[in-house]
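Just so we're aligned, residue 45 is where the sequence shown starts under my numbering, counting upward by one. Structure first, commentary second.
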Amino acid sequence: MIYMLSTCPLLVFKRREGVLKKKKGGLKLKIKVKNPSLRRLISGGIAGAISRTAVAPLETIRTHLMVGSSGHSTTEVFKNIMQTDGWKGLFRGNLVNVIRVAPSKAIEVPIRSNSNLFVSKTSGLGFWVFIKA
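So, in structure tokens, the structure goes:
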């Protein structure tokens, strides 16, 4: 079952046998992946992209503060960016950050979950017992 995103934030189209049906609710994208490792890889990449996008305005303001071109306080820099570029200016350079971070997070999530499974399977002996041997 695949859910497709619509342009309207309140409508979600449900696709079943080639027929699109309107469904009320929020934005939902549901893709079923049977392989758990691949599922973790995809979810890690998506999580990395979302986290970078969420903090992109703060990073842009921080960069402007370091360079010192727009002002000397956070509010001055924010007002200057909003006057010159608008909301798009706060997300300048975000695509490069997403391209840089998403693959590393995609690899980090499955490795962390697999290592947690390995450590939990040692039945309390701890990971270092296997390292010493």
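Beta carbons: idealized from backbone N, C-alpha and C, even for Gly. Please read these numbers as outputs of a predicted model, since none were measured by experiment.
**Request:** Taking residue 122 as the reference, give the member of 106, 157 and 145 with the closest Cα.
**Result:** In the sequence shown, counting from the first residue as 1, residue 122 sits at position 78. Selected option, being the one with the closest Cα: 106.
**C-beta atoms of residue 149 and residue 91 nearer than 9 Å** = For the purposes of this step, residue 149 is taken as the residue at position 105 of the sequence shown. For the purposes of this step, residue 91 is taken as the residue at position 47 of the sequence shown. In this structure, residue 149 places its C-beta atom within 9 Å of the C-beta atom of residue 91.
**Request:** Evaluate residue 104 with the Cβ neighbour count: other Cβ atoms within 10 Å of its Cβ, from every protein chain shown; 16 or more gives buried, anything less gives exposed.
**Result:** For the purposes of this step, residue 104 is identified with residue 60 of the sequence shown, where counting begins at 1. Buried, by the Cβ-count rule.
**Prompt:** Are residue 154 and residue 112 closer than 9 Å when you measure CB to CB?
**Reply:** Indexing the sequence shown from 1 puts residue 154 at position 110. Indexing the sequence shown from 1 puts residue 112 at position 68. No, the pair does not count as a contact, with Cβ atoms beyond the cut-off.
**Prompt:** residue 144 by DSSP, collapsed to three states: which one?
**Reply:** Translated into positions along the sequence shown, residue 144 becomes position 100. Of the three classes helix, strand and coil, the one that applies to residue 144 here is helix, per DSSP.
**Prompt:** Between the Cα of residue 102 and the Cα atoms of 85, 136 and 72, which residue gives the shortest distance?
**Reply:** The residue you call residue 102 lines up with position 58 of the sequence shown. If we check each option's Cα against that of residue 102, 136 comes out closest.
**Prompt:** What are the complete alpha helix (DSSP H) segments, minimum 4 residues, inside the stretch 80-117?
**Reply:** 80-98 and 100-111
**Asked** Is residue 159 buried or exposed, if buried means 16 or more other CB atoms sit within 10 Å of its CB?
**Response** Locating residue 159 in the sequence shown gives position 115, counting from the first residue. The residue is exposed, with fewer than 16 neighbouring Cβ atoms inside 10 Å.
**Asked** In angstroms, rounded to a whole number, what distance separates the CA positions of residue 109 and residue 124?
**Response** Numbered from its first residue, the sequence shown carries residue 109 at position 65. Numbered from its first residue, the sequence shown carries residue 124 at position 80. Looking at the two C-alpha atoms, the distance is approximately 12 Å.
**Item:** Cβ neighbour criterion (16 or more within 10 Å) applied to residue 163
**Value:** The residue you call residue 163 lines up with position 119 of the sequence shown. By the 10 Å Cβ count, residue 163 comes out exposed.
**Item:** Selection from 81, 132 and 71 that minimises the alpha carbon distance to residue 161
**Value:** The count along the sequence shown starts at 1 and reaches residue 161 at position 117. Out of 81, 132 and 71, 81 has the C-alpha closest to the C-alpha of residue 161.
**Asked** So, using beta-carbon positions, are residue 140 and residue 95 closer together than 9 Å?
**Response** For the purposes of this step, residue 140 is taken as the residue at position 96 of the sequence shown. For the purposes of this step, residue 95 is taken as the residue at position 51 of the sequence shown. Against a cut-off of 9 Å, the Cβ pair of residue 95 and residue 140 comes out as no contact.
**Request:** Go through its chain and collect everything with a Cβ distance to residue 100's Cβ below 6 Å, but skip five positions before and after it.
**Result:** Residue 100 sits at position 56 when you count from the first residue of the sequence shown. Hits under 6 Å: 135 and 138.
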